[in-house]
Amino acid sequence: MQYDPYILRTLYLNILEKDFIENNGISNRNIPKETPNFMGYVFTYMIWNFWLKYNNTTRIEGFKKMVENTFMTQKDLEDLYLINSRVSKIWESFKTIVKKWRWKRAKIYNTEDLYMNDIREGQKNSITILKNNTKYVFGLKELIGNFNRQLSNSCNMFVEPLPCKNPYTNECFNKSDLYNIYFAIKESTFLMPKLIHDYFLSDFCLSKFMNENENIIHENYVENYTNNITNDILINIIKEMLTEHKINCIKIHKDFPKSLLRDKMTPYLKLYFINKLSKNKWKKAESYIKLHKMLHELANYSPAFGRKKYISTKLKNNMKTYLNFYYDDKMPKINDISLSEFMKNHLELNMRDTNNILIHYDIIINQIRGSFVNRQLISSRYETNNETNNEEDNSLNISDSDSDSDSGSNESDFEEA
Numbered sequence: 100m101q102y103d104p105y106i107l108r109t110l111y112l113n114i115l116e117k118d119f120i121e122n123n124g125i126s127n128r129n130i131p132k133e134t135p136n137f138m139g140y141v142f143t144y145m146i147w148n149f150w151l152k153y154n155n156t157t158r159i160e161g162f163k164k165m166v167e168n169t170f171m172t173q174k175d176l177e178d179l180y181l182i183n184s185r186v187s188k189i190w191e192s193f194k195t196i197v198k199k200w201r202w203k204r205a206k207i208y209n210t211e212d213l214y215m216n217d218i219r220e221g222q223k224n225s226i227t228i229l230k231n232n233t234k235y236v237f238g239l240k241e242l243i244g245n246f247n248r249q250l251s252n253s254c255n256m257f258v259e260p261l262p263c264k265n266p267y268t269n270e271c272f273n274k275s276d277l278y279n280i281y282f283a284i285k286e287s288t289f290l291m292p293k294l295i296h297d298y299f300l301s302d303f304c305l306s307k308f309m310n311e312n313e314n315i316i317h318e319n320y321v322e323n324y325t326n327n328i329t330n331d332i333l334i335n336i337i338k339e340m341l342t343e344h345k346i347n348c349i350k351i352h353k354d355f356p357k358s359l360l361r362d363k364m365t366p367y368l369k370l371y372f373i374n375k376l377s378k379n380k381w382k383k384a385e386s387y388i389k390l391h392k393m394l395h396e397l398a399n400y401s402p403a404f405g406r407k408k409y410i411s412t413k414l415k416n417n418m419k420t421y422l423n424f425y426y427d428d429k430m431p432k433i434n435d436i437s438l439s440e441f442m443k444n445h446l447e448l449n450m451r452d453t454n455n456i457l458i459h460y461d462i463i464i465n466q467i468r469g470s471f472v473n474r475q476l477i478s479s480r481y482e483t484n485n486e487t488n489n490e491e492d493n494s495l496n497i498s499d500s501d502s503d504s505d506s507g508s509n510e511s512d513f514e515e516a
């Protein structure tokens, strides 16, 4: 219910006048001047009338300014608090009545969700939001996906979360709507996403949310980027990944099913993108070590992965030979942790793993870049050797010319003698 200054002013002044008449035993509306506290009543009446009529403030702000008035006595302040509590009770009752009336008369905007599935008001895992006398019925699943996309938005890898909007009208949700959606998700069968929970802890303030959760937002963006990347770009990235880790035996055929390739290579791609895009050095190192190990296990287990193979079959009592083909998609099982280690890793914190990962990461990076570094060193040494040789040659030429000039001078002196 929107703020209406006329209704609010009428409520305050009527209650003030009614209380004054009842407390002083006056039977009519004409208040005699001999009545006790008459001047206080007139002063209070005028102040309330002035503030509520000529000040464009909310009810709470107007009441705060009234209380801060230095001309008010302690008795007047007590009366003001009492009147304000009674007005608040009446005002909230009006708001409840208006809300119920608007809710019953509002029309429903949609009977299908964004996935074209039937949805109705009051359905499980759904929420209905009233906006501009229109009911919007949302499935919590689509709202969770929409919120995650908006909150993890990044522009050129720079974190820039966007306000959550109504997908039907592209209008931003009110803060009250955000609270209702959060508690609806919490009471549903869905797990609360970390981004939405952190947004709630930030009081739904975008600036505070970004400053306190920049790394989490970036990691969520990397995960969404991995899941939504196109198939054409996916193949090129897989080839770059195999080349970088020196996996030369695996050749992906051009006709290999792209959907199957995405399913098979998703665990590898997630580690690859974490290593390339993460801002956490430890995560970059850990993902690189795991990816390097997994790719070499894949190369040893299935060196012909991704290739197109042919099988010739010959039926009985038939001279013809049929040629069939298939794609090699065999992959090893990905187990990050053994059962025995899983049953004991809650007892102690192994700090050696972190140090070993960082050390091995530097070693592998140096090995991969070693050939390039060696070439640079060899070329630089070759250039320095050439420069020293040239300098020695120049010095020899200079010394030869000096000796020649000395010999010539001696000869001339001899001839003169």
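Each number in the working numbering comes from the position in the sequence shown (counting from 1) with 99 added on.
The C-beta atom is built at its ideal place from N, Cα and C for all residues, glycine as well.
The model shown is predicted, which means the values in this text are computed figures rather than measured ones.
Going by CA-CA distance only, name the one from the options that's closest to residue i.
i, options, result
"N327", "R361, K383 and K353", "R361"
"D340", "E318, F272 and M364", "Just to set this straight, residue 340 is Met in the shown sequence, not Asp. Minimum Cα distance to M340 is reached at M364."
"P262", "N247, L368 and Y400", "N247"
"Y367", "I433, I243 and H317", "I433"
"E259", "N265, Y267 and L250", "L250"
"E311", "N323, Y298 and E322", "Y298"
"L213", "I280, N279 and Y235", "Y235"
"E160", "N183, I388, K174 and F170", "N183"
"T268", "D217, K194, F237 and N423", "F237"
"N255", "Y324, W200 and K382", "Y324"
"I207", "V197, G221 and T195", "G221"
"K240", "R201, K413, W202 and I280", "I280"
"N399", "I349, K194 and N444", "I349"
"N245", "W202, L277 and E385", "L277"
"F257", "E191, F424, N314 and S401", "N314"
"D178", "P266, P292, I196 and F162", "F162"
"P402", "S411, D428 and W200", "D428"
Assuming residue i contacts residue j under a Cβ cut-off of 8 Å, what Cβ separation, rounded to an integer in Å, is found between them?
i, j, result
"L290", "H344", "At roughly 34 Å, the Cβ-Cβ gap does not stay under 8 Å, so L290 and H344 are not in contact."
"M430", "F404", "7 Å"
"L233", "R219", "Strictly speaking, residue 233 in this sequence is Thr, with Leu absent from that position. Not confirmed; about 16 Å, so no contact."
"L390", "L370", "4 Å"
"Y421", "K407", "Going by Cβ atoms, the distance from Y421 to K407 rounds to 16 Å, so no, they are not a contact pair."
"I337", "I346", "Wrong, their Cβ atoms sit about 10 Å apart, outside the cutoff."
"V166", "L181", "Rounded, the Cβ-Cβ distance is 13 Å, inconsistent with contact."
"I284", "I243", "7 Å"
"T288", "N224", "6 Å"
"I388", "K382", "The pair is not a contact, with the Cβ atoms about 11 Å apart (cut-off 8 Å)."
What is the DSSP secondary structure of residue i, reduced to helix, strand or coil?
i, result
"N269", "coil"
"L290", "coil"
"Y387", "helix"
"N129", "Here the model assigns N129 a pLDDT of 46, short of 50, so the residue's position is not dependable, and the following value carries that caveat. In this structure, N129 counts as coil in the three-state DSSP scheme."
"D217", "strand"
"E167", "coil"
"F404", "coil"
"S253", "strand"
"K382", "helix"
"E211", "strand"
"K194", "helix"
"K369", "helix"
"E177", "helix"
"K264", "strand"
"H296", "helix"
"K338", "helix"
"F246", "helix"
"T325", "helix"
"K353", "coil"
"F308", "helix"
"L446", "coil"
"K199", "helix"
"M393", "helix"
"M430", "coil"
"F303", "coil"
"N123", "Low confidence applies here, because N123 scores a pLDDT of 48, under 50, leaving its location unreliable and the question unanswered by this model."
"N183", "helix"
For residue i, which residues does DSSP report across the bridge?
i, result
"G238", "S225"
"F424", "Y409"
"K206", "T233"
"V258", "S253"
Would the C-beta of residue i count as close to the ligand ADP, meaning under 6 Å from any of its heavy atoms?
i, result
"E322", "Only the bare structure without any ligand can be found here, which leaves the ligand ADP out of the picture."
Stretch-stretch touch, CB-based, cutoff 8 Å, three pairs: the segment 262-279 with the segment 226-236: yes
The segment 349-359 contacting the segment 285-305, beta-carbon criterion three pairs below 8 Å: no
Three or more C-beta pairs below 8 Å linking the segment 313-322 and the segment 374-386: yes
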